[in-house]
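Numbering (my numbering), first residue to last: 79 to 256. All C-beta atoms in this analysis are idealised placements derived from N, C-alpha and C, irrespective of residue type, glycine included. Because the structure is a prediction, the values reported are computed rather than measured. Scroll down for the structure; my scribbles are underneath it.
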């Protein structure tokens, strides 16, 4: 039988844009928990569980409702329903990430970090078309220091060939082929 935890026990909110991303997120849980009863005005359907030592709550916008507004609405509802969430993560397939410079493939993990021209989070639809191409016009805040420290640690592990979850990724790729 799954564990039942209080809403205040969850410290990480995880937003998926698509149902296929939700399925992958659910498979990444080390343990799935019973979901606390819904509040009166909350339209999200949650999956609660644990990844490592972190209790996470996962949600996805309704089928067919995509975009930044839908994802933001899900994130706001997570924060209201689970008030102890310290971090909100948007985790997905990253359709806009592959480029000529970056050989990104399904199953790769891409984590943003601050750069000279942005704080680490790039809003893909904040800009304008110019004769020379797309020009970004807005900036979002830099992720919290504790998450940037985690990224540095993860990068170091990757450089040393450790800390990969390749087996789980390969398994999910096989499961999601259909």
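Own chain, CB closer than 7 Å to residue i, minus 5 neighbours either side, in chain order
i, result
"residue 100", "94, 136 and 138"
"residue 209", "none"
"residue 86", "161 and 162"
Own chain partners of residue i with C-beta closer than 6 Å, once the 5 adjacent residues on each side are dropped
i, result
"residue 214", "205"
"residue 120", "155 and 159"
"residue 212", "205"
"residue 128", "108 and 109"
Contacts around residue i, its chain only, beta-carbon distance under 8 Å, and the 5 residues preceding and following it disregarded
i, result
"residue 219", "197 and 199"
"residue 103", "92, 94, 125, 136 and 169"
"residue 167", "90, 91, 92 and 93"
"residue 157", "91, 163 and 166"
"residue 141", "97"
Helix, strand or coil at residue i [DSSP, three-state]
i, result
"residue 135", "strand"
"residue 245", "Low per-residue confidence applies at residue 245: pLDDT is 46, beneath 50, and the placement is therefore not dependable, though the value from the model is reported in the following sentence. Of the three classes helix, strand and coil, the one that applies to residue 245 here is helix, per DSSP."
"residue 224", "helix"
"residue 157", "helix"
"residue 199", "coil"
"residue 90", "strand"
Exposure of residue i, with buried meaning 16 or more beta-carbon neighbours within 10 Å
i, result
"residue 122", "buried"
"residue 82", "exposed"
"residue 133", "buried"
"residue 221", "buried"
"residue 224", "exposed"
"residue 195", "exposed"
In DSSP terms, what residue i is bridged to
i, result
"residue 127", "110 and 134"
Subject >> Segments of 4+ residues assigned as alpha helix (DSSP H) that fall wholly inside the segment 94-120 >> reply: 97-106
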